[in-house]
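According to the numbering used here, the stretch in the sequence shown is residues 348 to 760, in order.
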Amino acid sequence: METTKKAKKRNFMLAACFCCLVLTTMLGCGNSVTTTEYTAAPGITDYALKTNWQTLPITASQAVDVFFVYPSTYFPNPANNGPTYTTGWNQTIELATADPGITNQVASKASVFYKAGTNLYVPYYRQSAGINVLQALLWGIAPANIPAANQAMETAYSDVSDAFTYFLQHYNKDASGKSRPFILAGHSQGSNLLLMLLERRFGDAALRKQLVAAYIIGWSVTEQDMQNYPALTSLGICSSSNQTGCIITYNTQELAGDWSLAVDSTHPTGVGIVKPNAYSVNPLTWVATSPNSSEATAAPASANLGAVFYKFQAPANPQLVPPAGQNPVNWVNQLIGGVSVDAVKIPNYTGAQNKQGALVIDPSQLPAPGTFDSLNLPYSLRPGWYHNYDYAFFFFNLEENVTTRINAYNTGK
348 METTKKAKKR NFMLAACFCC LVLTTMLGCG NSVTTTEYTA APGITDYALK TNWQTLPITA
408 SQAVDVFFVY PSTYFPNPAN NGPTYTTGWN QTIELATADP GITNQVASKA SVFYKAGTNL
468 YVPYYRQSAG INVLQALLWG IAPANIPAAN QAMETAYSDV SDAFTYFLQH YNKDASGKSR
528 PFILAGHSQG SNLLLMLLER RFGDAALRKQ LVAAYIIGWS VTEQDMQNYP ALTSLGICSS
588 SNQTGCIITY NTQELAGDWS LAVDSTHPTG VGIVKPNAYS VNPLTWVATS PNSSEATAAP
648 ASANLGAVFY KFQAPANPQL VPPAGQNPVN WVNQLIGGVS VDAVKIPNYT GAQNKQGALV
708 IDPSQLPAPG TFDSLNLPYS LRPGWYHNYD YAFFFFNLEE NVTTRINAYN TGK
């Protein structure tokens with residue numbers, strides 16, 4: 348497991364920064380936060396056991412691998428996780444293997460990589476308690492919990508890093524034993540952990556050479572990240588649809604700016620997880636904008652090849668919500684991502700524009716047959732933040748882009 352001083356510094360600096368943004372007027376930000384040395388949660392996850400992988404290919408016959416890290420699905424009662432780290436800050440592997448949310452998240456998001464012809468690898472990991480970590484490290488709601496939240500993230504990272512090591516050593520090989528090119532992809536907490544992986548391990552030029560692209564979706568990559576981690580500078584942000592060995596990052600929301608600035612009369616407390624000084628890549632144009640800048644115009648909905656919404660996410664975690672008086676959604680059984688599922692595909696679903704670090708959409712322009720809930724629980728307390736739709740809204744543009752980047756990688760070899 349890797350636990351560098353620099354990595355710890357990154358987490359604590361991030362937390363302190365957002366504490367200032369939210370709590371300065373109430374508490375000030377002059378008092379230092381007492382931190383503790385990181386100690387891993389008991390046990391090491393053994394990735395030699397196939398049961399510790401959510402997805403493994405039956406036969407790894409494709410030329411490119413995808414290492415995918417799923418988003419947060421573990422939301423214990425926040426009151427149970429306080430300043431003192433306990434194992435309740437992390438989901439156990441036993442709980443993960445029985446968590447239907449993980450199955451749904453992988454099915455709805457990682458399916459964008461199927462059509463391009465890839466081998467999919469998804470490890471179970473001891474994910475941190477999603478809302479608790481955001482409250483402590485991003486939103487500044489629970490600053491006393493910063494040390495415990497950092498410890499929870501390090502526990503989750505240790506699993507992802509160990510799984511990646513096992514993947515490289517045992518799975519990422521073709522029939523002749525040669526390492527295959529790979530894609531890193533995730534969402535939300537999964538993307539955060541992959542960003543940590545890029546920061547800590549992709550100073551290795553050989554790994555960078557194997558990387559087709561890193562889809563760090565649903566998490567910010569910031570100017571400070573680039574300054575603090577030379578590996579990220581070596582990779583860079585993808586600035587075209589066919590650039591390889593680079594990072595794609597965006598966060599979908601209604602308002603421009605980072606989470607603390609995205610406020611108006613209907614969003615008085617700020618929304619989302621966009622950090623200050625974030626980069627953004629528009630999945631409709633593949634234009635990248637630097638921190639605090641914006642695209643001149645929004646990409647129209649006609650540039651959107653289609654959104655996808657799945658019946659299996661309802662009713663426990665519904666996505667498609669018909670307006671009052673409309674008929675229920677007409678779910679159609681169809682092949683998406685190599686799997687026959689009941690789903691709705693909506694072409695030209697939404698336009699989008701990079702605006703001050705956020706990927707901004709206009710929800711008033713979303714088409715029939717359905718409107719969408721402001722956010723799936725547990726994020727619904729922050730309307731205007733379309734975090735759980737980062738893949739869904741732009742599904743077919745992402746699917747097409749995976750093929751484009753793989754072809755570009757193969758051409759450039």
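Built from N, CA and C at the ideal position, the CB exists for glycine as well. Only a predicted model underlies this, so the values are computations on that prediction, with no experimental measurement involved.
Asked	Found
Unbroken stretches of the beta strand (DSSP E), 3 residues or longer, contained in the segment 539–613	558–564
Cβ contact (3+ pairs, closer than 8 Å) linking the segment 734–754 and the segment 644–661	yes
From N437, L403 and S526, residue whose alpha carbon lies closest to that of N466	L403
Assigned secondary structure, Q474 (DSSP; H/G/I helix, E/B strand, else coil)	coil
Contact set for Y597: own chain, Cβ-Cβ below 6 Å, skip 5 residues either direction	S627, V628 and L706
Alpha-carbon to alpha-carbon, S535 and T434	21 Å
Whole-angstrom distance between Y432 and N701, CA atom to CA atom	38 Å
Close-in-space but distant-in-sequence residues of the same chain around V559 (CB under 8 Å, 5 per side omitted)	V411, P528, F529, I530, T591, G592, R752, I753 and Y756
Which of helix, strand or coil DSSP assigns to N390	It should be noted that the sequence gives Gly, not Asn, for residue 390. G390 falls in the coil class under three-state DSSP.
I440 versus D393: straight-line alpha-carbon distance, rounded	10 Å
Residue environment, H315, which counts as buried when at least 16 other CB atoms sit within 10 Å	As shown, the chain starts at 348 and ends at 760. That puts residue 315 outside it, with no answer to give.
Same chain, Cβ closer than 8 Å to S687, neighbours up to 5 away in sequence not counted	N680 and Q681
Under 8 Å between C-beta atoms of T450 and R473	no
Beta-carbon spacing of T444, Y468 below 8 Å	no
Buried or exposed (CB count within 10 angstroms, at least 16 for buried), P577	exposed
Beta-carbon proximity of G533 to A625, cut-off 8 Å	no
Own chain partners of S526 with C-beta closer than 7 Å, once the 5 adjacent residues on each side are dropped	N519, K520 and Q557
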